[in-house]
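*Asks:* Heads up: the sequence shown runs through residues 237 to 681, numbered per our numbering.
The C-beta atom is built at its ideal place from N, Cα and C for all residues, glycine as well.
All figures in this text were calculated on a predicted structure; none of them were measured in a lab.
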Amino acid sequence: MDAKIKEFMESVRMKNPGEDEFLQAVEEVVETVWDFYQENPHYKKAKILERMTEPERVIMFRVPWIDDNGEVQVNRGYRIEFNSALGPYKGGLRFHPSVTLSGLKFLGFEQTFKNSLTSLPMGGGKGGSDFNPKGKSDTEIMRFCQAFMSELFRHIGPNTDVPAGDIGVGGREIGYLFGQYKKLKNEFTGVLTGKGLEYGGSLIRPEATGFGAIYFVREMLKTVGETLEGKTIAVSGFGNVAWGAVKKAVELGAKVVTLSGPDGYVHDPEGISGEKIDYMLELRATNMDVVEPYVERFGGEFHAGKKPWEQKVDIAIPCAIQNELNEEDAKTLIANGCALIAEASNMGCTAEAAFLASEKIMFAPGKAVNAGGVAVSGLEMSQNSMRLNWHEQEVDDRLKHIMTNIHTTCVKFGTDPNGKVNYIKGANIGGFVKVAEAMIAQGVV
Ligand code: 2IT
Numbered sequence: 237m238d239a240k241i242k243e244f245m246e247s248v249r250m251k252n253p254g255e256d257e258f259l260q261a262v263e264e265v266v267e268t269v270w271d272f273y274q275e276n277p278h279y280k281k282a283k284i285l286e287r288m289t290e291p292e293r294v295i296m297f298r299v300p301w302i303d304d305n306g307e308v309q310v311n312r313g314y315r316i317e318f319n320s321a322l323g324p325y326k327g328g329l330r331f332h333p334s335v336t337l338s339g340l341k342f343l344g345f346e347q348t349f350k351n352s353l354t355s356l357p358m359g360g361g362k363g364g365s366d367f368n369p370k371g372k373s374d375t376e377i378m379r380f381c382q383a384f385m386s387e388l389f390r391h392i393g394p395n396t397d398v399p400a401g402d403i404g405v406g407g408r409e410i411g412y413l414f415g416q417y418k419k420l421k422n423e424f425t426g427v428l429t430g431k432g433l434e435y436g437g438s439l440i441r442p443e444a445t446g447f448g449a450i451y452f453v454r455e456m457l458k459t460v461g462e463t464l465e466g467k468t469i470a471v472s473g474f475g476n477v478a479w480g481a482v483k484k485a486v487e488l489g490a491k492v493v494t495l496s497g498p499d500g501y502v503h504d505p506e507g508i509s510g511e512k513i514d515y516m517l518e519l520r521a522t523n524m525d526v527v528e529p530y531v532e533r534f535g536g537e538f539h540a541g542k543k544p545w546e547q548k549v550d551i552a553i554p555c556a557i558q559n560e561l562n563e564e565d566a567k568t569l570i571a572n573g574c575a576l577i578a579e580a581s582n583m584g585c586t587a588e589a590a591f592l593a594s595e596k597i598m599f600a601p602g603k604a605v606n607a608g609g610v611a612v613s614g615l616e617m618s619q620n621s622m623r624l625n626w627h628e629q630e631v632d633d634r635l636k637h638i639m640t641n642i643h644t645t646c647v648k649f650g651t652d653p654n655g656k657v658n659y660i661k662g663a664n665i666g667g668f669v670k671v672a673e674a675m676i677a678q679g680v681v
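This is the structure:
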């Protein structure tokens, strides 16, 4: 690594001690934009990288609530308002026991570049709680969401900060959060996205992250004269992102053979299609966070405690959580003939796995691949502002267009002299430029 990059990273490390995930995300961006940064002295003069790596605001709060046994529970809530150069802070809320300040800072940082890539007017933010939805009753989920919003409401608003869902926060949670916001503010506004269709949600929002990921993979394959037809795909996760990705991949002629959860993974050599895809929603709704019941219902093999990357496939799409595919996994996939890894989860691959995959095969990072989710959130905001609802086709066409544009941006900024596209570099520089220019235009604020 260049000595100057090392020096810069050392200063970020000193300010954010022990925040490994945040430092991993920053290092990946800094390494890839560094040369471009040096070639444009006006960025350096405005200390753009120093400013971009510092969140505008970090909100941390206590979330006390009462469980079904009448016992008081205390969780921690967060909202990282990372960067508002392009628009209101925008990004999901994650409810998961692994949630920490470092994790949310990495996600908020990534979100800033991702949102910029969509070309919609959205800044970057992220939030959530260490609350574990596993095994909780519906009323416990509601009470927790109400307690969480009882503090968050004073920091957000349709022109300030617009949260959405992420891991552990789906349509049900967004409904409870929206209801509490409306009650406290006495305002019916587009303050959250991922809402139900009855009260301001957008068609295609639930499918958007997975659909967008597959549209992006389709563009990647086009560059080498390939299509999804007949390709075998390993997917991890079984939540909203995996569901959308499987649905669209199958529609475009691919065969998805794996799903996974914290308990292990399912290998279904027949392919996951039809009612098996609908069953993913049922599994999710149980709140038990397991995939083994799939095998009892539809057959296939269950591999306890393992990840799907040991299967022989053409394409791997991590759809669960950060750092879920490591260097060993990447080596195994590549040795088994896998030709493309696309992160549908945020930073789904470790830095080593991402580096190896982009050297040896085709690799694209989460901030490009999974941008379809937040893109349709942006379209939900537009519809709310206009007090109109677009038809399914209109939203889907816009999503396709946005994903194709993101791919074009990656090719523009990431094509190496040998003609190969470095999607990490392309996405980082492509996302960076717009944010940097907007920050410079707005002065030192
Ligand atoms: O990681 C993400 O882009 C999301 N969780 C979606 C964020 C949003 O505001 O729709």
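How many angstroms separate the CA atom of E264 from the CA atom of A587?
*Replies:* Answer to the nearest angstrom: the Cα atoms are 8 angstroms apart.
*Asks:* From this set, L413, P324 and K418, which residue's C-alpha is nearest C381's C-alpha?
*Replies:* When each option's Cα is compared against that of C381, the closest is L413.
*Asks:* Pop quiz: T500 and K542 are said to be a contact at Cβ under 8 angstroms. What is the actual Cβ separation, rounded to whole angstroms?
*Replies:* Inspection of the sequence shows that residue 500 is occupied by Gly rather than by Thr. 5 angstroms between Cβ atoms; contact.
*Asks:* List the DSSP bridge partners of K418.
*Replies:* DSSP output for K418 lists no bridge partner at all.
*Asks:* Consider the C-beta atom of T429 and the heavy atoms of the ligand 2IT; say whether any pair is separated by less than 8 angstroms.
*Replies:* True, at least one ligand heavy atom lies under 8 angstroms from that Cβ.
*Asks:* Please tell me whether, using a cut-off of 8 angstroms, the distance from the CB of V398 to the nearest non-hydrogen atom of the ligand 2IT is below it.
*Replies:* V398 Cβ: within cutoff of the ligand 2IT.
*Asks:* Who pairs with E579 in a beta bridge, going by DSSP?
*Replies:* Answer is none; E579 lacks a bridge partner.
*Asks:* Got a sec? Which residues, its chain only, sit under 6 angstroms from D632 by beta carbon, not counting five neighbours each side?
*Replies:* For D632, where only same-chain residues beyond five positions count, the Cβ hits under 6 angstroms are I440.
*Asks:* What does the alpha-carbon distance come out to for the pair F447 and T522?
*Replies:* Cα-Cα distance, rounded: 24 angstroms.
*Asks:* In the DSSP output, what is A282 paired with across the bridge?
*Replies:* A282 is not bridged to any residue.
*Asks:* What distance in whole Å lies between the Cβ atoms of G328 and K362, which are believed to be in contact at a cut-off of 8 angstroms?
*Replies:* Contact holds; Cβ gap of about 6 angstroms.
*Asks:* Helix, strand or coil for N319? Go by DSSP, reduced to three states.
*Replies:* Reduced to three states, the DSSP call for N319 is strand.
*Asks:* Specify the secondary structure class of V310 as computed by DSSP and reduced to three states.
*Replies:* Reduced to three states, the DSSP call for V310 is strand.
*Asks:* Contact defined as beta carbons within less than 8 angstroms: I believe V405 pairs with A470. What is the distance between those atoms, to the nearest angstrom?
*Replies:* Contact doesn't hold; Cβ gap of about 26 angstroms is too wide.
*Asks:* DSSP three-state call for M296: helix, strand or coil?
*Replies:* Three-state result, M296: strand.
*Asks:* Kindly examine the ligand 2IT and report whether one of its heavy atoms sits closer than 8 angstroms to the Cβ of A478.
*Replies:* Outside the cutoff, so no.
*Asks:* Please specify which runs of the alpha helix (DSSP H), each continuous and at least 4 residues long, are wholly inside the segment 371–398, giving them in chain order.
*Replies:* Correct list: 374–388.
*Asks:* Per DSSP, which residues does L495 bridge with? Please list them.
*Replies:* BP columns for L495 point to V502.
*Asks:* Can you look up I302 in the DSSP assignment and give me helix, strand or coil?
*Replies:* Note: I302 maps to strand in three-state DSSP.
*Asks:* If contacts are defined as beta-carbon pairs under 8 angstroms, then L388 and R312 qualify, I think. What distance do you get, rounded to the angstrom?
*Replies:* The pair is not a contact, with the Cβ atoms about 12 angstroms apart (cut-off 8 angstroms).
*Asks:* Would you report the Cα separation of L495 and L576, rounded to the nearest angstrom?
*Replies:* C-alpha separation (whole angstroms): 18 angstroms.
*Asks:* Less than 8 angstroms between the CB atoms is what I'm expecting for A600 and Y659, so what's the real figure, rounded?
*Replies:* Contact holds; Cβ gap of about 4 angstroms.
*Asks:* Curious, which full-length beta strand (DSSP E) runs of at least 3 residues does the segment 516–567 contain?
*Replies:* Here the runs fully enclosed are 537–540 and 551–553.
*Asks:* Are the beta-carbon atoms of A604 and I642 separated by less than 9 angstroms?
*Replies:* Yes, these two residues count as a Cβ contact at 9 angstroms.
*Asks:* The alpha helix (DSSP H) spanning V681 covers which residue range?
*Replies:* From DSSP, V681 is part of no alpha helix (DSSP H); its letter is neither H nor E.
*Asks:* Is L635 near the ligand 2IT, judged by its Cβ being under 8 angstroms from some heavy atom?
*Replies:* Because no heavy atom of the ligand 2IT lies under 8 angstroms away, the Cβ of L635 does not count as near it: no.
*Asks:* Among N664, V680, A674 and N305, which has the Cα closest to the Cα of D271?
*Replies:* It is N664.
*Asks:* Quick check on I597: does DSSP put it in helix, strand or coil?
*Replies:* In this structure, I597 counts as coil in the three-state DSSP scheme.
*Asks:* Sorted by chain position, which residues of the same chain lie with C-beta nearer than 6 angstroms to Y279's C-beta, five sequence neighbours on each side aside?
*Replies:* Hits under 6 angstroms: Y273 and A672.
*Asks:* Is S338 near the ligand 2IT, with its Cβ less than 8 angstroms from a heavy atom?
*Replies:* No - the ligand 2IT has no heavy atom lying nearer than 8 angstroms to the Cβ of S338.
*Asks:* State buried or exposed for S438, treating a residue as buried only when at least 16 other CB atoms are found within 10 Å of its CB.
*Replies:* The residue in question, S438, is buried, as its Cβ has 16 or more Cβ neighbours within 10 Å.
*Asks:* Per the contact definition of three or more C-beta pairs closer than 8 angstroms, is the segment 250–262 in contact with the segment 330–344?
*Replies:* Short answer: they touch.
*Asks:* Assign G650 to buried or exposed, taking buried as 16 or more other Cβ atoms, counted over all protein chains shown, within 10 Å of its Cβ.
*Replies:* Classification of G650: buried, given that the 10 Å Cβ count is 16 or more.
*Asks:* Taking just the CA atoms, how far does E376 sit from D303?
*Replies:* Going from the Cα of D303 to the Cα of E376 covers about 6 angstroms.
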